[in-house]
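Numbering (the working numbering), first residue to last: 109 to 287.
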Amino acid sequence: MPHRPARFPIALVVACLAAACAGSAFARSTDRNQPMDIDAGHQSGTLDDRSPTILSGGVHISQGSLDIRSDRAEITLADGDPTRAVLTGGPVVLNQQMDDGTPMTARADHVDYNLKTEIVVFTGDVTIQQPRGTMSGQRVVYNLKTGNLDSGGEGNGRVKMRILPRNARTQDAAAKGKQ
109 MPHRPARFPI
119 ALVVACLAAA
129 CAGSAFARST
139 DRNQPMDIDA
149 GHQSGTLDDR
159 SPTILSGGVH
169 ISQGSLDIRS
179 DRAEITLADG
189 DPTRAVLTGG
199 PVVLNQQMDD
209 GTPMTARADH
219 VDYNLKTEIV
229 VFTGDVTIQQ
239 PRGTMSGQRV
249 VYNLKTGNLD
259 SGGEGNGRVK
269 MRILPRNART
279 QDAAAKGKQ
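The structure is reproduced here in structure tokens:
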């Protein structure tokens, strides 16, 4: 039987990416209109509402500029539409180019996206990187409806952020020219 990648609606994955950008830019909107390809070593479960679909053995999801890699993905459906996506392992790595052309990378041990509430929770060694800055911590919660971002650590964990000034590239180029 020939290998065919599984197909799931883009909302499942784009929201994870939108969460990772923490409001500074938006995930490439044209990616939503591209075909989604999912490649995994193994799939179990049903492709309907009876049980979650489990993808494992190195999961690779791509759609336009979106690229997600994880060890495992669990997709829950209700009435034929995804309601929750849980990505785990190795860590989960999400890459995408934003509408403004800048790249974004998010890494976490666990990503839980509730499509009903439109809340994405990144946990475990979370790092979000963009050219204008970085954020890291143990937990980042992003509400796609409100744009609210809540982050913190567990126990004595701390949130760390670095935001570069808009003209940082100009200042760096000028400093190199003086040498």
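Where is the CB? At the ideal position from N, CA and C, for every residue including glycine.
D288 versus I271: straight-line alpha-carbon distance, rounded: Residue 288 falls outside the range modelled here, since the chain spans only 109 to 287, and no answer is possible.
Quick one: what does DSSP say T138 is sitting in, helix, strand or coil? Translated into positions along the sequence shown, residue 138 becomes position 30. Three-state result, T138: helix.
Answer with buried or exposed for G245, where buried requires no fewer than 16 other C-beta atoms within 10 angstroms of its C-beta. Reading the sequence shown from its first residue, position 137 is the one you call residue 245. So G245 counts as buried.
If you compare alpha carbons, which of I146, G255, D208 and K268 is closest to T225? Translated into positions along the sequence shown, residue 225 becomes position 117. Cα-wise, what sits closest to T225 is G255.
Just checking my contact of G149 with T161 at CB under 8 Å: how many whole Å lie between their CB atoms? As a working mapping, residue 149 is identified with position 41 in the sequence shown. As a working mapping, residue 161 is identified with position 53 in the sequence shown. At roughly 14 Å, the Cβ-Cβ gap does not stay under 8 Å, so G149 and T161 are not in contact.
Between which two residues does the beta strand (DSSP E) harbouring S259 extend? As a working mapping, residue 259 is identified with position 151 in the sequence shown. First-last of the beta strand (DSSP E) with S259: L257 to G260.
Give the secondary structure of K268 by DSSP, where H, G and I count as helix, E and B as strand, and everything else as coil. Indexing the sequence shown from 1 puts residue 268 at position 160. Residue state, collapsed to three classes: strand.
For Q237, collect the residues of the same chain with a Cβ closer than 6 Å to its Cβ; drop the 5 residues on either side in sequence, then sort them by chain order. Your numbering for residue 237 matches position 129 in the sequence shown. The residues are T213.
Mind reading off the beta-carbon distance from D207 to S173? Whole number of angstroms is fine, and I expect it under 8 Å. What you label residue 207 is simply residue 99 of the sequence shown in a count that begins at 1. What you label residue 173 is simply residue 65 of the sequence shown in a count that begins at 1. Not confirmed; about 10 Å, so no contact.
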